[in-house]
Each structure stands twice: as structure tokens, then as C-alpha cells.
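Q: To convert, take the position in the sequence shown, counting from 1, and add 225; that gives our numbering.
We put the CB at the ideal spot given by N, CA and C, even for glycine.
Quick one: the structure is below, and I'll ask about it shortly.
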Amino acid sequence: MPSRVGELEAGIFADEPARNFEIISDAGFRASFNALGARLMTLQFPDGFDAVVGAERVEDLLESDVYAGAICGRFANRIANGRFPLDGKERQLTLNEPPHHLHGGASGFHGRIWEAEIADDALVFSLVSPNREEGYPGKLEVSATYRLDDDVLSCDIEATTASPTIINLTNHAYWNLSGADKVTDHVLQISAQAYTPTDRALIPVGLVSFVSGTDFDFREPVLLDEAFVDDEGFDSNFCLEGERHVLHHAAGIAAGGRELELWTTEPGLQFYTAAHHGPALKGKKGQALRRFGAIALEPQNWPDAPNHPSFPSAELRPGEVYRHRMEWRFGTE
């Protein structure tokens, strides 16, 4: 039996309607979405437990959006000084994390209300990003298609451009599989032998370092309570072992008798432990988003890739199609 896709009552964001949707799988999993940022709002296991950390309503995001569940772009993660070279010309982006550019800028895809349609057992979001939006060259047409098949949630992102540009799109969902105040009870495994060291502003310094013998070694499952070495947690890019453009394992987390495996076609994974969440951010059931209360696993190209020729290319040209597939595979222990 195919999954059922339906539309729910719309929310309101900045006086504009933001449509809500739900997909229910034959296995009893439920996922809900909002058109603001083509955003994953909830993922419920068959027992009703919601593993997604974020806002209860889209209205709550007006003052406290931490990209929760949204598609980030045009370039997810950071670009140093908001500048990058393309075809011999220096391009300047907006600086929404001065002096750097983060997640596509203040008006990135996370803050756009996407068009939406139901297509059989899929939910398809789409938008058009005009030339020079947030400084990016080229008119970009983007779609994000969500499906929920049994215990697997997938997102297929595609994009085309009218002129040369750069692109790096991800989903920024936050997860907590146990419901505990902190995710230190979670066990994490990442399929990466290397990571990209950064400066204090989280900008890659241009090196690729092996994880062996460091605090970044998650090749085997590690309890996060034992992995935290300071009060900042983790916010780092890992260089995945799998081949780019081919679906491969990125990471797995387990807690509270539940499991999640993330698969991707991209070469990197940002692992972030929500150090910047706090009481000012509204979460579900009237509770604040807690510091270290969630895990973000963001499959991606490597941060600041356009400024490092040795990093995987982020360029997209007319006639090419950018494709990124993500799968979240759920289970119980």
C-alpha cells in the first residue's frame, strides 16, 4: 500500500500563508512538512514519538529560526568573507554572519515560502531563486521531493541554472531519539576517515586531516557523553568515504531504543550538537530549544569549497542538473 499524502491547515509566516502537509507510511511512520523552507517539522515513529526537534508551529519561527528541518541554500554552511572566484571573476555575497556568509544568507532558502504540490505518494516543493539573490549569480530553479516509504524518509533535490553559479543544498533537521534534555545519551557513528579542520569562525583552513587519534574519530560507535571534550560540543564537517553522486552511508545515531541511519550522495557531513540553542528559541509543547538538546546531521559539499581548489567542486553550469538524494532510515533496537 503506498504512502498517503495530505494537506493540513496552513500556518502563517510574516502575514503569508505557509502550507502544511503530512505523509503517512504503511509502516505507521508519520512526517509533517511546511512550505517555509520546504521544512521537515515532525517525524513520528509508530508509537507516536516525534524524533524531530524544532518549532511547534511555523509562526514560532519568525523570531527564532535555527534552520530547523529546512532546506538550506543556495550554499549550505559557510563561505569565507562571502567571496568566491568563478570563471576568473570574484563574486561577493551578503554577510549574514559577519564577516562571513552562512546557509545562503539572511534570505536563504530556509526563509522562502516554497510552492508545493502533491504528486501521488510524494510531496514536491519548488522555488525560483532570481539572479543575484543574496549575491549569487544565475537564475536557479530548485525542487525538493519528499517521500516516506515504510520506515525510510527520502528527499531528492534537483536544481538547474541559467548561468554559471555555485550550489550546495542540504536539509538541516535536528534529531533527538530519546527525548532526553541532552543528546549525550546518543551513540554516534560517522563513515569518515577524515575531516576539515577550521579556524575559530568555523572556516576551513584548507587541510584534510585524518580522524585517527583525534576527538573526531567516530568510525566506530561512540557514546556522545564520552565524546564531548569541551563546552562547545561539535560543529564540524566530515569527509565521507562513499563515492560522490552514489548513495552511501553517512552516519548513524541510536538512543532510547530507536535508530536512525543517514545516507547521501554528497561528499561531506556537518555534525552539529546545537550549542547555540537556548531559552529564547521556542520549541514544541511550549518548551525552549535546549542547548545540546539535538543533533544536526547535514549532508553536504564541504564548507567554503569554492575557495579551495582541492575540495569537491560546487560549480553548476547551464545544461547541468544538480542532484542530491538523502535518506533517513529509521528502526528500533
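Count the C-beta pairs between the stretch 371-388 and the stretch 435-452 that are closer than 8 Å, then say yes if the count reaches three, no if not.
A: no
Q: Closest to H473 by CA distance: which of R264, G481 and W553 is it?
A: Counted from its first residue, the sequence shown places residue 473 at position 248. It is W553 whose Cα lies nearest to the Cα of H473.
Q: Can you have a look at L348 and say buried or exposed, based on whether 16 or more other CB atoms are within 10 angstroms of its CB?
A: Here residue 348 refers to the residue found at position 123 of the sequence shown. Classification for L348: buried.
Q: Less than 6 Å between C-beta atoms, sequence neighbours within five positions excluded: which residues of the same chain meet that for V367?
A: Reading the sequence shown from its first residue, position 142 is the one you call residue 367. So the list reads L352 and A384, once near-sequence residues are dropped.
Q: When DSSP labels each residue in this structure, what does H325 get in the three-state scheme?
A: Numbered from 1 along the sequence shown, position 100 holds the residue referred to as residue 325. For H325, the three-state secondary structure derived from DSSP is strand.
Q: For the beta strand (DSSP E) that contains L522, what are its first and last residues?
A: Counted from its first residue, the sequence shown places residue 522 at position 297. Residues I520 to Q525.
Q: Identify the continuous alpha helix (DSSP H) that holds L449 and give its terminal residues.
A: As a position in the sequence shown, residue 449 is number 224, starting the count at 1. For L449, the enclosing alpha helix (DSSP H) starts and ends at L449 to A452.
Q: Report the residue from R548, R316 and A521 whose alpha carbon sits nearest the alpha carbon of I415.
A: Numbered from 1 along the sequence shown, position 190 holds the residue referred to as residue 415. Checking every option, the nearest Cα to that of I415 belongs to A521.
Q: Can you name the residues that DSSP bridges to W488?
A: If you number the sequence shown from 1, residue 488 lands on position 263. Answer is H474 and E552, bridged to W488.
Q: Would you grab the beta carbon distance between A499 and F517 for me? Rounded to a whole angstrom, and I think it's under 8 Å.
A: Here the question's residue 499 lines up with position 274 in the sequence shown. Here the question's residue 517 lines up with position 292 in the sequence shown. So it is a contact: roughly 6 Å between Cβ atoms.
Q: Considering only the beta carbon of each residue, do C297 and L394 sit closer than 9 Å?
A: Counting from one through the sequence shown, the residue named residue 297 turns up at place 72. Counting from one through the sequence shown, the residue named residue 394 turns up at place 169. Yes; because the gap between Cβ atoms is below 9 Å, this pair is in contact.
Q: The beta strand (DSSP E) spanning P242 covers which residue range?
A: In the sequence shown, counting from the first residue as 1, residue 242 sits at position 17. P242 -> beta strand (DSSP E) spans E241 to I249.
Q: Please report how far the alpha carbon of E340 lies from the alpha carbon of L402, in whole angstroms.
A: Mapped onto the sequence shown, residue 340 falls at position 115. Mapped onto the sequence shown, residue 402 falls at position 177. Going from the Cα of E340 to the Cα of L402 covers about 30 Å.
Q: Report all residues from its chain with a CB closer than 6 Å to the CB of S379; omit the five preceding and five following residues, and keep chain order.
A: Translated into the one-based positions of the sequence shown, residue 379 becomes position 154. These residues qualify, in order along the chain: R372 and E552.
Q: Excluding five sequence neighbours on each side, which residues of the same chain lie with their C-beta closer than 7 Å to the C-beta of G236?
A: One-based indexing of the sequence shown puts residue 236 at position 11. If we look at G236 and ignore the five residues flanking it on each side, its Cβ neighbours are A243, N245, N259, R282, V283 and E284.
Q: Buried or exposed, going by whether 16 or more other CB atoms sit within 10 Å of the CB of N526?
A: Taking the sequence shown and counting its residues from 1, the one referred to as residue 526 is at position 301. Buried is the call here.
Q: Using a Cβ distance threshold of 8 Å, determine whether the stretch 397-411 contacts the stretch 306-323, with at least three qualifying pairs required.
A: no
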